[in-house]
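**Student:** Letter by letter, the sequence shown follows residues 107 to 414 in the working numbering. Can you read through this structure? Questions will come right after.
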Amino acid sequence: MNIAYIIYYDEEAKKNSGFIEMLKSECRKYDIALEYISFEKVNLMSESSFENKFKKIFFVINRTREYKLSLRFEKINVKVFHSSKITELGNNKYKTYCCLKEYFEKNKNEPQGEWIAHTVLVKADDLNNVLNDYIGKGYVIKSVDGHGGSQVFSLNDDGTKLGSYRKNRDNAKNNIYKSLQGHDCVLQKRIDSDSNDIRVYIVFGKIYAAVLRHGNDGFKSNFSLGGSVEEYFLDEEQKKFIEKFIEAFGAGQLSMAGIDFILTRDGNLIFNELEEMVGSRMLYNCSKHDIVRKYVEQIAKLQERGTV
């Protein structure tokens, strides 16, 4: 039996125990023993201990968002999902933006029209000045490494109910600053979307399924923040558009990932972010898709071809 590992922070593993068990069950069908080990334990290992424990394993699923962990496995030639490149991009919104811009310019295949909101990097030590300059002017600011919408703020100041802040500019600015202090951020022009976005699930470089998320409060559509979700069926034009982004990220390097797009009021898709550690609750909640089964099935096919 082939031995493989899945790695989480211990606290995250407790929250995702059902997902871990689903993966273990599917892996057993292909004679793969998937074992859980915590990041905390792995992180304490010396390089020699690390190599001795892992050098002969089948593969690793890194669910920590730590690209340096993936890099450790790559250095001893162990297949890791995701690679250090994808893990780093999926956890730094500005590097994702730069990667896409560079790829499209180099390959001369940039999507037509507006495909991403204008984006600039805000260094942590310049955050206060940027908030002073841009609050009330129709921008959105996000930490480069935030997840689940918790570090995403609208800088509008028009009395609209936006999260936990209202009309007072100083209070709004102070609340945002406290939440983002110490983080590099991206500043983007806000896109009018009626709080709708599309999450596209990718399994080994192929579009697997998509869901439409709608925010019930404020401008964020995250399911974890109380938004609603339903299965979404992409048309052929949308698929061709999305495939450009999949290719830019290295296609098959996306083993099980999500790409989020803002759905504008006129029906266009605007790239939002890459979610390399994509969750599956939304998809199971609103469809009959079994993405875990598909994911492990594809890993097994790689095994048959000798590429894992």
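Backbone N, C-alpha and C fix where the C-beta goes; we use that ideal spot for every residue, glycine too.
Take Arg416 as the anchor and find which of Arg371, Ser155, Gly358, Lys199 has the nearest alpha-carbon.
**Tutor:** Residue 416 cannot be examined here, being either before or after the span of the chain that is shown, 107 to 414.
**Student:** Mark His188 as exposed unless 16 or more other C-beta atoms lie within 10 angstroms of its C-beta, in which case mark it buried.
**Tutor:** By the neighbour-count rule (16 or more Cβ atoms within 10 Å), His188 is buried.
**Student:** What residues in its chain sit with their C-beta under 7 Å from that of Glu379, if we drop five residues either side in the sequence?
**Tutor:** Lys199, Thr202, Asp366, listed in sequence order.
**Student:** Is the beta carbon of Gly356 sitting closer than 7 Å to the one on Arg305?
**Tutor:** For Gly356 and Arg305, no; Cβs fall outside 7 Å.
**Student:** Please report the distance separating the alpha-carbon of Cys392 from that of Asp341.
**Tutor:** Cα-Cα distance, rounded: 19 Å.
**Student:** Just how far apart, CA to CA, sit Lys120 and Phe160?
**Tutor:** Between Lys120 and Phe160, the C-alpha separation is close to 23 Å.
**Student:** Just reading off the alpha helix (DSSP H) that Gln344 is part of, what are its end residues?
**Tutor:** That run of the alpha helix (DSSP H) goes 342 to 354.
**Student:** Using a Cβ distance threshold of 8 Å, determine whether the segment 290 to 302 contacts the segment 228 to 247, with at least three qualifying pairs required.
**Tutor:** The segment 290 to 302 is in contact with the segment 228 to 247.
**Student:** Just to confirm before moving on: does the CB-CB distance between Pro217 and Lys350 stay below 7 Å?
**Tutor:** Closer than 7 Å, so yes.
**Student:** Candidates Arg319, Asn281, Ile308: which alpha carbon is nearest Gly254's?
**Tutor:** Ranking Arg319, Asn281, Ile308 by Cα distance to Gly254 puts Arg319 first.
**Student:** Using a Cβ-Cβ cutoff of less than 8 Å, which residues in the same chain neighbour Gly219 once the five nearest sequence positions on both sides are dropped?
**Tutor:** The answer, listed in chain order, is Asn374.
**Student:** Go through its chain and collect everything with a Cβ distance to Met69's Cβ below 8 Å, but skip five positions before and after it.
**Tutor:** Because residue 69 is not part of the residues shown, which for the chain are 107 to 414, the question remains open.
**Student:** If we cut at 7 Å on Cβ distances, does Cys205 have a partner in chain D?
**Tutor:** Within the model displayed, chain D is absent; a lone protein chain is all it includes.
**Student:** Any idea what DSSP makes of Ala223, helix, strand or coil?
**Tutor:** Coil at Ala223, not helix or strand.
**Student:** Beta carbon of Ile297, beta carbon of Ala406: below 7 Å?
**Tutor:** No.
**Student:** For Asn183, tell me which candidate among Lys191, Glu157, Gly196, Arg171 has the shortest Cα-Cα distance.
**Tutor:** Comparing Cα positions, the closest option is Glu157.
**Student:** Closest to Ser299 by CA distance: which of Gln257, Phe377, Ile368, Met107 is it?
**Tutor:** For Ser299, the nearest C-alpha among the options comes from Ile368.
**Student:** If distances are taken between C-alpha atoms only, which option among Lys284, Arg134, Ile308, Lys400 comes closest to Ser256?
**Tutor:** Ser256 has its Cα closest to that of Lys284, out of Lys284, Arg134, Ile308, Lys400.
**Student:** In the DSSP assignment, find the unbroken alpha helix (DSSP H) run with Phe179 in it and report its ends.
**Tutor:** Unbroken alpha helix (DSSP H) run through Phe179: 173 to 181.
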